[in-house]
Amino acid sequence: MPIPKIHILLIEDNLGDIRLIEEYFREIDPWRYRLTFCETLEEGKQILRSEHIDAILLDLGLPDSMGLATFERLNDEFSEFPIIVLTGMQDKEMGRKAVGIGAQDFLEKHDLSGQVLSRSITYAIERKQMFRNLEQAQELAKVGNWRVDLETNEFISSPQLAKIFELEPGRKFLTFEDYILASHVEDQKKIAVSFQQAVRDGSPFKVTHQIFFDEHRTKYIILQGQVQLNQEGHAVSIVGTIQDITDRKKVEDLEREKELAKKAAKLRQEFLAKTSHEIRTPLNPILLLTDMLLETPLNPNQREYLSAIKTAGETLLAVVNDILDLSKIEAGKIDFSSDTFSIARVFESILDMMEASALEKGIELEREIDGQIPEFVIGDTVRLTQIILNLVGNAIKFTSQGTITVGATFKRREVGRVIIEFDVKDTGIGIPHDKLKVIFDSFQQLDTEANQRQGGTGLGLTIVRQLIRLQGGNVSVESEVGKGSRFFFELGFNTAEGEEGDAQTTQINSTQLAGLNVLLIEDHPLNQVVTQKLLSDWGIELDIANNGREGIERLEEKGYDLVLMDVQMPVMNGYEATRYIRKQMQPPKSDIPIIALTANAFSGSDDECLQVGMDDYVSKPIETRNLFSKIVQHTLGRPRQNLQTKSSNGSVVHSVQGGLMTETSMESTNYVNLSYLKEISGGDGMIIRKTIQKFLETTPAMLDTMDAQLAGQEYPDLGKTAHKLKSSVAFMGIDDIKDSIIRVETITKSRENVGELAGLLARIRQVTETSFSELRGAMRAL
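If you're matching positions, the sequence shown starts at 159 in the working numbering and goes up one per residue.
Put into structure tokens, the structure is as follows:
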């Protein structure tokens, strides 16, 4: 069912301006807006009497009306409509005056664009609704507002003021003196004195007074006002409010309720923080141990049971994360990062993650990416992934057969930015028309058997909408029952053509961390066991302390390369321990990298970690690839602690190569020649270092890929990978394997002598991996 269009009435007599504005609306979205136009004010009024209009664009110069009076004549009769005034270059002041007396916005014609129009219309509609809500709120709160023009003595007030004074229909106060005379005679003098004092010295005033109706009925009022000054500093008006406080007890109760609400909100936040920690902490070892067990030999029943445990744990974690995400959004704790990343890779990652769920239901996952989209963009890759994952997960939930397509379409370019529309389409059960307006509300779920089977918090779409809105976009949905749904939204990204993203997936190569000395400060026994198992698999030497004080004692006795610090612990928590390390210990121990392990995903705990001096944080349950990436990031290039020295007999020992622990022999072979790299880089050390680092990061995975391709007899792909490796090693000057790589390319093309490939790949790996040590040493020397 298509979303209703926003109906705009344009009252404008200049045909050129009409055509230009039509073009702007086509530029924005031809399916979102419907434009009706007329050339005179009277024609516009007739349309407003007969048609549903969402917003009005009003030119102030018309054949039957000119200037500010044009707006006043229209607003007097149709004040319920949001009106946007269109002005020329010389009419800015008139536009401001129109806004001052009720227009929602004014736009200069020479500055119009599709984006400006769209933003202003959205703003006008929302602002008008806000004023309607304000009037309703004033009525409920028995509050009225007023304004006195000190030059004309004119008194302007809201309808609620007349209701409070119970004025007869059609009657209103023309001057502030009328207001005073309608008040209790005993209070008239103090009202007048307070008002005059405010005019003289510009101070705000607040007076409590009565309105007398008869001997049985009196109202109590709070009157307050504030002087407004012009540019010369002269008082030009006084604005203020009145509130009926007759039922003083009710007001006092309301104040107490407000205070209780604040305390309740604080307690809610603290409760969520505590609950998240208590739930996520045991979930961490449950999920990690389950993953580890699933990688061991198991019989079918054991694998089935473990898979069920993992699914249940992940479901519980998803529920907790949904609640925490929404709470962080409501508390304003969401920050957006600027990562350089590939949208194609984001899609690839999402489809990989959701593939198993889709296959279980026999659903095909597809992606469509517009070729005009830059290879790399700058934005928050984590939040984009979260948004699309939510939408894809929701689509899988309500689709039993067919296809789910994730798409990205180029919309337009702006200065240094590109606007992209994302959409997720499914062939599922669809959404009833009466549910379309509420599906993005918190805890709303479709009342269907599918939903009852799948469960969930009903927060996924709420989080999607909030995350998109916070980035300046808006999510929409089109759906037809029995045929499927389409969720779509636009987001803007800074452009970064040709740049490899920092947020790309980190490949786990455990040799990078072999021999690293790490201190784990963690009080939870299960987390200790799991973390020790995980880090030992990466060749890390681990010591464990049960609290912050014990951790400090360990750190004083021994040198470490890194500290993994739990946040909430007995005796001394992670924050206190970090402060002590940073302020009381001496270098180099005071400078040791500290990564927080936090299960508290709410209330700015991440910010607090950084404020006390921690270098980074990893949320529990720990995602192994993320932890690996963080450890590499904060130990790469740093001198190692407690290193063994080389033996005198030339045996294999630990040594430091560019901050990474490797195993080398006393017998060294020089494979690397960086003269070409230095030549093409102009000797720029930073470029050389970055190029070497890129080679060290990507080449191990390339070697593994070649071995896998040989095992699978994927000869064409093996040739392509070998060709790619040939270019990489050429930059490093590793000429010893140049002929071997060329031979691999030749064999994979001809499919002759394939028996040679295993030996060639072994030779290529041996030389390449040996060259890693030389390259790390070269990096250290730069």
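All C-beta atoms in this analysis are idealised placements derived from N, C-alpha and C, irrespective of residue type, glycine included.
In this text the structure is predicted, and so the values were computed from the model without any measurement.
Kindly indicate the opening and closing residues of the alpha helix (DSSP H) around Lys321.
Pro317 to Phe323
Less than 6 Å between C-beta atoms, sequence neighbours within five positions excluded: which residues of the same chain meet that for Ile895?
Ile922 and Val925
Compute the Euclidean distance between the alpha carbons of Asp449 and Glu462, then round it to the nearest angstrom.
For Asp449 and Glu462, the distance between alpha carbons rounds to 13 Å.
If I measure Cβ to Cβ from Phe183 and keep anything under 6 Å in the same chain, skipping five residues before and after, which residues do I get?
Tyr191 and Leu193
Between Val721 and Pro797, what straight-line distance do the alpha-carbon atoms span, to the nearest angstrom?
15 Å
Alpha helix (DSSP H) containing Val306: first to last residue?
No alpha helix (DSSP H) contains Val306, which is instead part of the beta strand (DSSP E) from Val301 to Asp307.
According to DSSP, what are the bridge partners of Asp584?
Per DSSP, Ile562.
Are Thr567 and Thr585 closer than 8 Å when you measure CB to CB?
no
Along the chain, where does the alpha helix (DSSP H) that runs through Phe183 open and close?
Leu173 to Ile186
Just curious, the alpha helix (DSSP H) that Ala888 is in, first and last residue?
For Ala888, the enclosing alpha helix (DSSP H) starts and ends at Tyr873 to Met890.
Which residue comes first and which comes last in the alpha helix (DSSP H) that contains Leu149?
Since the displayed the chain opens at 159 and closes at 940, residue 149 lies outside it and no answer follows.
State the Cα-Cα distance for the pair Pro745 and Leu700, rounded to the nearest angstrom.
21 Å
Could you tell me the distance, in whole angstroms, from the CA atom of Gln629 to the CA atom of Phe645?
If you take the alpha carbons of Gln629 and Phe645, they lie about 17 Å apart.
With distances taken Cα to Cα, identify the nearest neighbour of Ile169 among Ile211, Tyr733, Ile702 and Arg847.
Ile211
Rank Glu872, Gln530 and Ala423 by C-alpha distance to the C-alpha of Arg909 and give the top, closest one.
Glu872
Can you tell me where the alpha helix (DSSP H) with Ser507 in it begins and where it stops?
It spans Ile501 to Glu518 - the alpha helix (DSSP H) in which Ser507 sits, taken as one unbroken run.
Grab the span of the alpha helix (DSSP H) containing Leu547 for me, first residue to last.
Thr539 to Lys555
Please look up how many angstroms separate the CB atoms of Ile166 and Leu206, rounded, as I've assumed it's under 8 Å.
Not confirmed; about 12 Å, so no contact.
Whether or not the stretch 220–236 and the stretch 303–317 are in contact is what I'm after, with contact meaning three or more pairs of Cβ atoms, one per stretch, closer than 8 Å; do they touch?
no
Please report the distance separating the alpha-carbon of Ser507 from that of Ile546.
11 Å
For Gly642 and Leu173, what's the separation of their Cα atoms in angstroms?
42 Å
Once DSSP output is grouped into helix, strand and coil, what is the label at Lys267?
helix
Would you kindly work out how many angstroms separate the C-alpha atoms of Arg107 and Asn233, rounded to a whole number?
The requested residue 107 is not part of the displayed model; the chain covers only 159 to 940.
With a threshold of 16 other CB atoms inside 10 Å of the CB of Ser761, please say whether the residue is buried or exposed.
With a pLDDT of 43 at Ser761, under the threshold of 50, the predicted position of this residue should be treated as unreliable, and no value is reported.
Taking the continuous alpha helix (DSSP H) assigned at His792, which residues delimit it?
Thr782 to Thr793
Quick check: what's the CA-CA separation for Glu201 versus Glu235?
Going from the Cα of Glu201 to the Cα of Glu235 covers about 14 Å.
Could you tell me which of Ile752, Arg426, Ser898 and Pro240 sits nearest to Gly260, measuring between CA atoms?
Pro240
Can you tell me whether Ala423 is helix, strand or coil according to DSSP?
helix
Contact between the stretch 289–303 and the stretch 328–344 is defined here as three or more beta-carbon pairs at a separation below 8 Å; is this criterion met?
Below 8 Å, too few C-beta pairs join the stretch 289–303 and the stretch 328–344 to call them touching: fewer than three.
Looking only at its chain, what residues have a beta carbon closer than 8 Å to the beta carbon of Gln386, apart from the 5 residues adjacent to it on each side?
Ala393, Val394, Ser395, Ile396 and Val397
Could you tell me the alpha carbon to alpha carbon distance between Ile621 and Ser898, rounded to whole angstroms?
Looking at the backbone, the Cα of Ile621 and that of Ser898 are separated by about 54 Å.
So the candidates are Leu915, Ala936, Gly891 and Lys848; which of them puts its Cα closest to the Cα of Gly870?
Leu915
Does the pairing of the stretch 738–756 with the stretch 768–786 give three or more beta-carbon distances under 8 Å?
yes
What is the residue span of the alpha helix (DSSP H) that Gly941 lies within?
No answer is possible for residue 941: it lies beyond the span of the chain, which begins at 159 and ends at 940.
Please name the residue in Val351, Phe370 and Leu441 whose C-alpha comes closest to that of Phe363.
Val351
Taking the alpha carbon of Leu542 as the reference point, which residue from Leu832, Thr498 and Gly560 has its own alpha carbon closest?
Closest option to Leu542, Cα to Cα, is Thr498.
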